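Protein sequences, first through last, are from chains A and B. The opening residue of the first sequence carries number -14 in the numbering used here; numbering runs sequentially from there. The opening residue of the second sequence carries number 2 in the numbering used here; numbering runs sequentially from there. From the three backbone atoms N, C-alpha and C, an ideal C-beta is built for every residue, glycine too. Here the structure is a predicted model, which means the values were calculated and not measured. A quick write-up on the structure given underneath.
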Amino acid sequence: LERSAGSFSYSSYHTLEEIYSWIDSFVTENADIVSKILIGKSFENRSILVLKFSTGGSQHRAIWIDAGIHSREWITHATGIWTAKQIVSEYGKDDILTNILNAMDIFLEIVSNPDGFAFTHSMNRLWRKNKSSRPGASCIGVDLNRNWRSGFGGNGSNDNPCSETYRGPYPHSEPEVAAIADFITAHGNVKALISIHSYSQMLMYPYGHSLEPVSDQEELYDLAKSAVQALYEVHGIKYIYGSISTTLYVASGITLDWAYDNGIKYAFSFELRDTGSYGFLLPASQIIPTAQETWMAIRTIMEHALNNPY
Amino acid sequence: QMNFTGDQVLRILAKNEKQLSLLRDLESLKPQKVDFWRGPARPSLPVDMRVPFSELKDVKAYLESHGLVYSIMIKDIQVLLNEEREAMAKSRR
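Shown next, in the form of structure tokens:
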């Protein structure tokens, strides 16, 4: 039976193989607007794939969205898949999205940590880090959201390889991080970055490594407020928002701080549902509602980036 | 597949910074045993902690002895994992 993205269940969780197979079908069926880019190989040599949504034109400004950097946060990959479908099905219908895509490209990395994600299916459903190992290191895995070259090694990360927030031996030591950083740096025109995590219902912007407000704090605060309101109006789910260090805790070597320090003003991270009963084991029945509300917030951020070129 | 039968997730509402640091201490007291799903951040935010079945008694005694108020968010992780796996198999069928 010919696989098709149409028969794919967007309201279920899937294995890495199923997601990669869906990506191939999805790209084939939407070749006019979507393409697949291989940006690198993981530590265990799995492909690191990015979907590119583009209506043509060269040197478009771009938006980067990633999910799944912490592998046990399955709702983030599922939200990324649903978001991909939403983009292709709403282009040409939703004026805001159509305007965004007519002027900007969107890069969507659904599985940022393929080795860790595969491991959550095969061995340990609650695995968070990647699967890198080094001689002398007593434990496996680096927290990919502590390995970035911005505030690397500061408070809110750990130099113990057995810690869940182990930063790694040096910045961008992890291929999964280096692949994103190199891709965005080479592109040179990414104007917004959205990193999707779970759980605790927060929308945050830099800095994580410092309590100092960023120079664009006011604009980012107002934009986060609008995005959280747009999210709330879908299913009544409340988010808190603010800078990472003042809303959650000090964390160093994180994606957002690297993005902001590398000129990407609109840098946000989502902490999706759970509302407090399931944690990382959010039932599949909540995938669609979570993705629907998240989409409205993501679209708000993208629209702001479109209308406020810099 | 690792089995999490009997493992629980406790939700703790720390009243102040002192109680938060008591929770942080727990991570070093029980290395690689206690898994923070929501780490100790600030008194206004809950802390969610996965505790292996074998450590439950000790950890609950530690929390109670320090006046840390907790509730059981997930009574048995493996039950949820089995449901999740069954839902995936069903969807695949």
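Asked: Host beta strand (DSSP E) of residue 189 of chain A (start-end); Found: 187 to 190
Asked: Coarse secondary structure for residue 58 of chain A, derived from DSSP in three states; Found: coil
Asked: Residue 262 of chain A: contacting residues in chain B (beta-carbon distance under 9 Å); Found: 74, 75
Asked: Outcome for residue 270 of chain A when other beta-carbon atoms lying within 10 angstroms are tallied against a minimum of 16; Found: exposed
Asked: Beta-carbon proximity check, residue 54 of chain B vs residue 9 of chain B, cutoff 9 Å; Found: yes
Asked: Entirely enclosed beta strand (DSSP E) segments - the region 48 to 78 of chain B, minimum 3 residues; Found: 48 to 52, 71 to 75
Asked: DSSP bridge partner residues for residue 39 of chain B (one or two, in chain order); Found: B/49
Asked: One or two residues paired with residue 287 of chain A in a DSSP bridge; Found: BP columns for residue 287 of chain A are empty, so no partner.
Asked: Beta-carbon proximity check, residue 20 of chain A vs residue 39 of chain A, cutoff 9 Å; Found: yes
Asked: Whole-angstrom C-beta distance between residue 74 of chain B and residue 100 of chain B, which should lie under 8 Å; Found: Residue 100 of chain B falls outside the range modelled here, since chain B spans only 2 to 94, and no answer is possible.
Asked: Enclosing beta strand (DSSP E) for residue 12 of chain B [first to last residue]; Found: 9 to 13
Asked: Within chain A, partners of residue 15 of chain B - CB distance below 8 Å; Found: Chain A residues near residue 15 of chain B: none, gap ~13 Å exceeds 8 Å.
Asked: C-beta neighbour in chain B for residue -8 of chain A, strict 9 Å; Found: no
Asked: Interfacial residues, the region 162 to 188 of chain A to chain B, with Cβ spacing under 7 Å; Found: 185
Asked: First through last residue of the alpha helix (DSSP H) which encompasses residue 210 of chain A; Found: 202 to 220
Asked: Cα-Cα separation between residue 259 of chain A and residue 265 of chain A, rounded to whole angstroms; Found: 7 Å
Asked: Cβ pair count under 8 Å reaching 3, the region 6 to 23 of chain A against the region 232 to 243 of chain A; Found: no
Asked: Secondary structure of residue 227 of chain A, DSSP reduced to three states; Found: strand
Asked: C-beta neighbour in chain B for residue 99 of chain A, strict 9 Å; Found: no
Asked: Cβ pair residue 148 of chain A, residue 128 of chain A closer than 9 Å; Found: yes
Asked: Residue environment, residue 44 of chain A, which counts as buried when at least 16 other CB atoms sit within 10 Å; Found: exposed
Asked: Cutoff 9 Å: residue 132 of chain A Cβ touching any chain B Cβ; Found: no
Asked: Pair within 9 Å by beta-carbon distance, residue 158 of chain A and residue 132 of chain A; Found: yes
Asked: Within-9 Å CB hit, residue 0 of chain A to chain B; Found: yes
Asked: Enclosing beta strand (DSSP E) for residue -1 of chain A [first to last residue]; Found: Premise fails: residue -1 of chain A is in no beta strand (DSSP E) and is neither H nor E.
Asked: Reduced DSSP secondary structure (H/G/I, E/B, other) of residue 87 of chain A; Found: helix
Asked: Beta carbon proximity, residue 44 of chain B to chain A, threshold 9 Å; Found: no
Asked: CA-to-CA distance, residue 117 of chain A to residue 141 of chain A, given in whole angstroms; Found: 21 Å
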